[in-house]
Amino acid sequence: MTESDAGVGDRGGWRSANVWAREENIDGNRIRQLRVPASRFDLVSGEPSALTVSNAYGTWAAATVDRPLDAGALWVRLPVGARPGDRLSQATWNAPADALQLQDPADVLRSYDGAIGFSEASDSKPGLRTPQLGALHAVLGYWTTNQKQAATVVMPTGTGKTETMLALLVAAKPERLLVLVPSDSLRDQIAGKFETLGVLQELGIVSNMAVRPVVGRVAHGFSSVAHATSFAEACNVIVATPQSLSASEQEAFEAMLGACSHLFVDEAHHVAARTWTEIRERFADKNVVQFTATPFREDGKHLQGRTIYSFPLREAQAQNYFSKINYKSIIDFDNVDLAVATQSVERLRSDLNNNFDHVLMARVSGIPRAMAVLPLYQQLAADLNPVIINSQMSKKHQRDALRAVRARDSHIIICVNMLGEGFDLPALKIAAVHDPQKSLGVTLQFIGRFARTSSTGQYGEASMFVARSEMDIDRRLRELYAEDSDWNLIVRDLSEAAVQEQHDISDFEAGFTSRPPEVDLRSLLPKMSTVVYRAPTAKWEPNNVVEFFGEDSFYTFPIGLNQSAGVAWFVIENRNKVRWGDLKTIEEVSYELYVLYFNEQTKLLYINNSANDGVFEELAEAVLGAGARRFTGSSVYRAMADIDRLVPTNVGVLDAHNQFRRFSMHVGPDVTESFSQAEASTKSQTNISGSGYRDGEIVNISASLKGRIWSHATASTIKEWCDWCDSIGKKLLDETISIEKVIGQFILPEELTSLPSGVLLAVEWPWLVHTLQADSMRLSYAGSVHQAVFTDLVPETEPINGAFRFAVESGSWSVPYEATVESDRILYRCARDTEIVILRAGSEVRLSDWLNKFGLLFILDGDRIIENDLLYKPKWDRTPYDRQKLTVLDWGNTKLNIESQTHEKLQESIQYRSLIELQADSEPWDLIIDDDGKGEIADLVAMRIDAEGLLVKLVHCKYAHEGKVGARLADLYEVCGQAQKSVVWRRSDLGPFFRALHDRARKKNQRDGVSPFEVGDIRKLYEIRDKATILRRRMEIVIAQPGLSRSKATTQQFDLLASTEAYLRTTVNAPLAIWCSA
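As structure tokens, then:
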């Protein structure tokens, strides 16, 4: 027993310390039981010959020290002369280990009969909180239905999730409960709660006559089945992490799980991880409850189980379970760490001066970062004793750091991935977030630690100081991290949106009135593939598939069926003779997934088959009846409508007359041959795969004449596949889509045997460079190092003569390179004896070697592109650019040979005049950035959010070669190339675009000491970036060339402008404007 003689006497009686049963230990795993909780004894009772003392938890034998009872029994020692009726002021326990055996778990459960009251707390009496009572009723009610699908309970941080588990233990009396937690610290914390029954007995929610459970903590693997079984049979509750359970041998692991009747999973959003899932699957036929505040994962996997109760965060806030949060966004170009530390320490001192018992946690991403910010806090608040805690510290150092914080010897703790989920310290009220989390689930968990409320202690509102930087974060966090966001509203909305998403999936799955036990619905990942049938009526009979295939063919039975959503799925088992011998004793077994989706409104049936072959004519008739018609022939190519710059990647050709080469498949540059063949009267394309642009995004799609339509994507859920099917069906039904136009718009790649004629307008790094971190590709030449994204690839805009010639330019060097075609591929070489090298960790790579591996993108006149050694040339006839679309500006005192305004803001520059024109727009711009320089996105980048969404306008300025107005092609070659290079920034979600803008603005500010923001500031850039993912995005391109004359412009100039305009429109749907002279 621990604390055997501890106790305190005062005028109000004797307060006993906890009395523990004798602890058992099996393979390093502890089993404990609290026999008598710490409590007060007031009076001596009984008879002089048989004294007793009582507390809230029962009555115990007592005797004076001069007349002791049996030395081997549990009793209370009283002072000499104590008599019945005396007020007890001091005493000790006689508590030998032999008298304190662990109780039989069955006896513990019997003490729970009628032991819990289901009353709700109020101002006048204690009881269960509203969310606790709701969750308790929901779980008990769900269990009465005898459904074994895991039940998910969503309770926001601070609403009393752990006490809900304790109440369920007493109310449901499970034979043996396993509680699964994510960390060692949480295992000890949760086990401690179960050992004492938390505050349930203290508040009178559970009768004091109920015995505390026998609780086992699994920290190590078991050496044998016998040890695992002995441990389990001694416990009412077992608390473990997946790692500690899986440390046992497999048989011992199975024995431990088999001995448990119920499973509680704490912080259940981990359950999709493999080790968690393996344990949970062992409870497939038992009662499982998953508790979480964030019911979703960031890896795209869904939290399995059915959500049976979810307490809204808005109610937790309204009922003061979730503290108000004061949020401050910290933006500082010079030293953001110092700014975060300074403001958070100021808030801590203010709170302490107002008698709030607060602690500050500084959150960083790694140990080196912790060591970097520690001196800041030591300098700012040495008197508050900043300490560090991280997982690489010894357990003793970790305990010492936590002890210092809990004792308030320290008020600042710098944390590296510690004090995570479930960590309970209400005094944590100030967060200094130097490195923000990048995913929603982790962020909401983190916020919850500071938003906890407590009825004890002097705690005020939570404060969050977050460093803002250009980073890739969950799109749902953009609004949260915005400059002046109200976290109390946004955290609520984000939490509820995430919960609702899981509800939608849970409801979709709950709609399956029948589901096969062999395969979990959420484990299905159908390919985006379908064959589509038009139904004769708005009805279908999905159960007819049983008769069609025969019940013996089903691996899963019954079929999974959601009649309201029109979805059925099943797995067929195929047994065939092996192909490598004539054997009767061995069969080849394969499994095929079928998913059927019927949309009653459109009367379309979609069939998906994992083998991706066949057209399922008979199957469609079995469920739809006679008259089902498959979409076949060229009509399936309507699925490719609304895709611009379609490039075929795979084409099959059927020759009706050539019996020796009836069918041929063409891939890569060979697709050109397939299209020319198909133009002949005896040939046709049997299937086409292509990629292109839809609304500025890259997409791929494939279709075959037989009726199959597919893409390379895989659906994360059946519901996602159904949504994709609806988008395909809408186009198939659209009779206004011209099949000939869809086929005719393909751009056929040409294999290079030599460089084409014409002019090289622009050279672009491969997209790989823009997706890397800015400093991950550094170019070195002549002792000067520059990041690749801050260099220019400048083409020689003379007519192409045997080679592409271009220079790689930085602010300190310009190195010429050449690209030629040899053996049908482009080869790169430096035109100097010494060349640029790419710096990598511990090595250097010549740029020419890197280029020969990854290549560049070349933009030529005539709307032509060369990429991956293939020439892409649109087939459409292009009309010259309309002279009337040229916009004439009054260039005033602008010097036509001065392009950049520089940091001196030269008013005679073309860029300055263009800036004035931008600012004179009918609608004001939220942001204008001077991005002029090597590797620029554009000379001027303007953005505004309007009624249609986000508009990005890129202005490319170019000086006149002779410093005067004329009709020179040279004035347009380079600037048209720059305009076409703008396409790269419209890809994806504009993440690289905003990241590049941020990095360039910061460097320009540091280099020139002048802000690059002509309108707005860095906060406005963040604000627009944060909103961009949820806004419709448009781009407009402007060429500012005062050397171009509207009245004197030539046909060649108009043709160049027309090809530039066509390229921008078809790739990113961006209109082109030209600012010129009269």
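First residue of the sequence shown: 0, per numbering that gives the first Met the number 0; consecutive thereafter.
The beta carbon of each residue, even a glycine, is placed where N, CA and C say it ideally should be.
In this text, all values refer to a predicted model and were calculated from it rather than measured experimentally.
{"Check": "By the three-class DSSP mapping on this structure, what secondary structure does N598 have?", "Outcome": "strand"}
{"Check": "Write down the C-beta distance between L856 and I864 rounded to the nearest angstrom, noting that I regard them as a contact closer than 8 Å.", "Outcome": "7 Å"}
{"Check": "Given a cut-off of 9 Å on the beta-carbon distance, is the pair S44 and S38 in contact?", "Outcome": "no"}
{"Check": "Note down the Cα distance separating Q457 from N28, rounded to an integer number of angstroms.", "Outcome": "37 Å"}
{"Check": "I'd like to check one pair, A761 with K980: are the Cβ atoms closer than 9 Å?", "Outcome": "yes"}
{"Check": "Check whether the region 213-231 touches the region 118-131, counting contact only when three or more Cβ pairs, one atom from each stretch, lie closer than 8 Å.", "Outcome": "no"}
{"Check": "Using 10 angstroms around the beta-carbon of H357, count the other beta-carbons present and answer buried if the total reaches 16, otherwise exposed.", "Outcome": "buried"}
{"Check": "Excluding five sequence neighbours on each side, which residues of the same chain lie with their C-beta closer than 6 Å to the C-beta of T161?", "Outcome": "K192"}
{"Check": "Is the beta carbon of T293 within less than 8 Å of some heavy atom of the ligand SAH?", "Outcome": "The ligand SAH is not part of this structure, which contains no ligands at all."}
{"Check": "Can you give me the Cβ contacts of I825 inside the same chain, cut-off strictly under 6 Å, excluding the 5 residues immediately before and after it?", "Outcome": "A818 and D868"}
{"Check": "Enumerate, from N- to C-terminal direction, the unbroken alpha helix (DSSP H) stretches of 4 or more residues contained entirely within the region 379-405.", "Outcome": "394-405"}
{"Check": "What residues in its chain sit with their C-beta under 8 Å from that of S680, if we drop five residues either side in the sequence?", "Outcome": "Bear in mind that the predicted position of S680 carries a pLDDT of just 39, short of 50, making it too unreliable to give a figure here."}
{"Check": "Find out if the Cβ-Cβ distance for the pair V1037, K963 is shorter than 9 Å.", "Outcome": "no"}
{"Check": "At the level of alpha carbons, what is the spacing between G757 and F1053?", "Outcome": "15 Å"}
{"Check": "Please report the distance separating the alpha-carbon of K395 from that of A361.", "Outcome": "21 Å"}
{"Check": "Give the DSSP-derived three-state secondary structure of F263 in the structure shown.", "Outcome": "strand"}
{"Check": "Which two residues bound the contiguous alpha helix (DSSP H) that contains C724?", "Outcome": "I717 to L731"}
{"Check": "At which residue ranges does the region 47-129 contain complete alpha helix (DSSP H) runs of 4 or more residues, listed in the order of the chain?", "Outcome": "104-109"}
{"Check": "So what does P748 bridge to, in DSSP terms?", "Outcome": "Y871"}
{"Check": "Using only the alpha-carbon positions, how far apart do A150 and V1009 sit?", "Outcome": "59 Å"}
{"Check": "Give the straight-line distance between the Cα atoms of W13 and P374, rounded to the nearest whole angstrom.", "Outcome": "49 Å"}
{"Check": "Give me the Cα-Cα distance between T796 and D860, rounded to the nearest whole angstrom.", "Outcome": "10 Å"}
{"Check": "In the region 895-950, which residue ranges form an unbroken beta strand (DSSP E) of at least 3 residues, counting only runs that do not cross its ends?", "Outcome": "926-929 and 939-945"}
{"Check": "Could you please give me the residues that DSSP links to H785 through a beta bridge?", "Outcome": "L778"}
{"Check": "Let's test the definition: count the other Cβ atoms within 10 Å of the Cβ of T1059 and tell me whether it reaches 16, buried, or not, exposed.", "Outcome": "buried"}
{"Check": "If you draw a straight line from the C-alpha of G1015 to the C-alpha of I329, how long is it?", "Outcome": "17 Å"}
{"Check": "Taking only the alpha-carbon atoms, compute the straight-line gap between T1090 and I446 and give it to the nearest angstrom.", "Outcome": "Here the chain comprises residues numbered 0 to 1077, so residue 1090 is not present and cannot be evaluated."}
{"Check": "Have a look at N24 and L101 and give me their C-alpha separation to the nearest angstrom.", "Outcome": "12 Å"}
{"Check": "Using the Cβ count rule (16 or more neighbours within 10 Å means buried), how would you classify Y111?", "Outcome": "buried"}
{"Check": "Does the region 189-208 come into contact with the region 219-230, if we say contact requires no fewer than three beta-carbon pairs (one atom in each stretch) closer than 8 Å?", "Outcome": "no"}
{"Check": "Alpha carbon to alpha carbon, how far is D998 from L939?", "Outcome": "16 Å"}
{"Check": "How far does the alpha helix (DSSP H) with Y972 in it extend, from its first residue to its last?", "Outcome": "A969 to K980"}
{"Check": "Within its chain, find whatever has a CB closer than 8 Å to the CB of L99; leave out the 5 residues flanking it on each side and keep chain order.", "Outcome": "M0, V18, W19, A20, R21, R34 and L73"}
{"Check": "Closest by CA to Q200, which one among D920, T536, P879 and A114?", "Outcome": "A114"}
{"Check": "Which of the three DSSP states is assigned to G1099 in this structure?", "Outcome": "Nothing about residue 1099 can be reported from this structure: the residues present for the chain run from 0 to 1077 only."}
{"Check": "Which same chain residues, not among the five before or five after P241, have their C-beta less than 7 Å away from its C-beta?", "Outcome": "L179, T274, W275 and I278"}
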